[in-house]
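If you read the sequence shown in the numbering used here, its first letter stands for residue -9, the second for the next number, and so on.
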Amino acid sequence: EDPSPHRRRMVVDEQKVITQAQAVYASTPVVADAVHDELGVDVTVLAPPMPVEPDTGRRRSGLPRRYLAYCGPLDLRHGAVTLAAALPIAWRRAPDLAVVLAGPVDRMLLADWRTEWRDQGHLVTHVGELLGLDRTIERRPPRTKADARRHRSTDAAESSDVESDGTAGGAEAHLGDGRSTVAGALGAPVPEGPGEPLGGGDLVAIAARSVALVVPALHDDVSEVAMQALAAGVPLVASSKSGAASLLAPGRTGTVVPAGSPSQLAAALVDAWTGAWGVLDRVDLAGTPAEAAAPDRAVQALLAHVAEVREAWREPAPQG
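And the structure:
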């Protein structure tokens, strides 16, 4: 999705590496099929190792008691746009359905969604808004060298203003360490710069306490948070184009819906929320594709593949 010259050069280099490799493997059929279709390279699918004892961390304060969770970038490719469109449909049948979003999002896009959600928008909690730390959702041009010099020269004076009344110049303030802030979607200060202020452990903690983890990607590899959630016994609502779908046993550990369909995703959300899908609140991975990704099995499969590749490319001994 990044059209920059740097990214285009990187993609060309990655494609060259793939086409020249002695063997290529991927975590899920989604990626394997995409590489084959794009480059004509046969790709072996080797399941990634599932977590053994996921660290579910502590419960984050401020979240609803019961909720569905989405953890990851809130963009088109990861299916957040589909989820945003599905929620009003789901609320017609389950008006109390609550969702927690944990991941970077463009502030204007989130504001548009809240306008569409209207009175039921309060049922959607974005963790970054809750913290006032949505550092990835501010669209602004990159700071120039002149801007940087100006900010450095004024930080000391303005930081004292922040300490006295919490603001400096109304909509924009400056923290004592030189970071500037702007008003967030809910009026909270938003530190400048890239990055979401949630670590992987935070995401796992949020997912592990959800009714189900929603993975509605239009095209994505297997999600680390999805594997952690399954290992913690949390069922998934996954799209057919998400890598997580390959780990599911529909009806036992979650459900798979067509990618990019708000109506079918909405139906799955309602079924998960109301328990109509028949999946246990805490699932058992025994006898499912996820069990086949147990660490010992995953490692043995990888070593067997390496041995097979080595044998195929073994050079004959020199004669004479």
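Ideal Cβ positions, reconstructed from N, Cα and C, are used throughout, including at glycine. Keep in mind the model is a prediction, meaning the values are calculated, not measured.
Out of T9, A288, E298 and V205, point me to the one whose CA is closest to A92's CA.
-> Check the Cα spacing between A92 and each of T9, A288, E298 and V205: the tightest is with V205.
In the DSSP assignment, what residue or residues form a beta bridge with S251?
-> Per DSSP, none; premise fails for S251.
Taking DSSP as the reference, what is the three-state secondary structure of A233?
-> Looking at the sequence provided, one finds Gly at residue 233 rather than Ala. In the three-state reduction of the DSSP assignment, G233 falls in the helix class.
Extent of the continuous alpha helix (DSSP H) to which L64 belongs = Neither: L64 is in no alpha helix (DSSP H) and is coded neither H nor E.
Hey, out of D45, L73 and R48, whose CA is closest to A256's CA?
-> Taking the Cα of A256 as reference, the smallest distance to any Cα among D45, L73 and R48 is reached at L73.
Do the CB positions of L292 and L36 come within less than 8 Å of each other?
-> Closer than 8 Å, so yes.
Spatial distance of Q218 from E43 (CA atoms) = Rounded to whole angstroms, Q218 to E43 spans 9 Å at the Cα level.
Tell me where the alpha helix (DSSP H) around T105 begins and ends.
-> Looking at the DSSP string, the run of the alpha helix (DSSP H) that includes T105 is R97 to W107.
Under a three-way DSSP split, which group does E148 fall into?
-> With a pLDDT of 43 at E148, under the threshold of 50, the modelled position of this residue cannot be trusted; read the value that follows with caution. Here E148 sits in helix by DSSP.
Helix, strand or coil at H209 according to DSSP, with G and I counted as helix | In the structure shown, H209 falls within a coil segment according to DSSP collapsed to helix, strand and coil.
Taking buried to mean at least 16 other C-beta atoms within 10 Å of its own C-beta, is K231 buried or exposed?
-> Its Cβ being crowded by 16 or more others within 10 Å, K231 is buried.
Going along the chain, which residues of its own chain have a beta-carbon closer than 7 Å to the beta-carbon of V194, five neighbours each way excluded?
-> Contacts found: P44, D45, T46, G47, V215 and Q218.
Between which two residues does the beta strand (DSSP E) containing L91 stretch?
-> From DSSP, the beta strand (DSSP E) with L91 extends over V89 to A92.
Can you name the residues that DSSP bridges to G244?
-> Under DSSP, G244 forms a beta bridge with L226 and P240.
Can you list, in chain order, the residues of its chain whose CB lies under 8 Å from that of R56, leaving out five sequence neighbours each side?
-> Once the five neighbours on either side are set aside, the close Cβ partners of R56 are A88 and V201.
Excluding the 5 residues preceding and the 5 following A147 in the sequence, name in chain order all residues of the same chain whose CB lies nearer than 6 Å to its CB.
-> With a pLDDT of 45 at A147, under the threshold of 50, the modelled position of this residue cannot be trusted; read the value that follows with caution. When the five nearest sequence neighbours on each side are left out, no beta carbon in the same chain lies closer than 6 Å to the beta carbon of A147.
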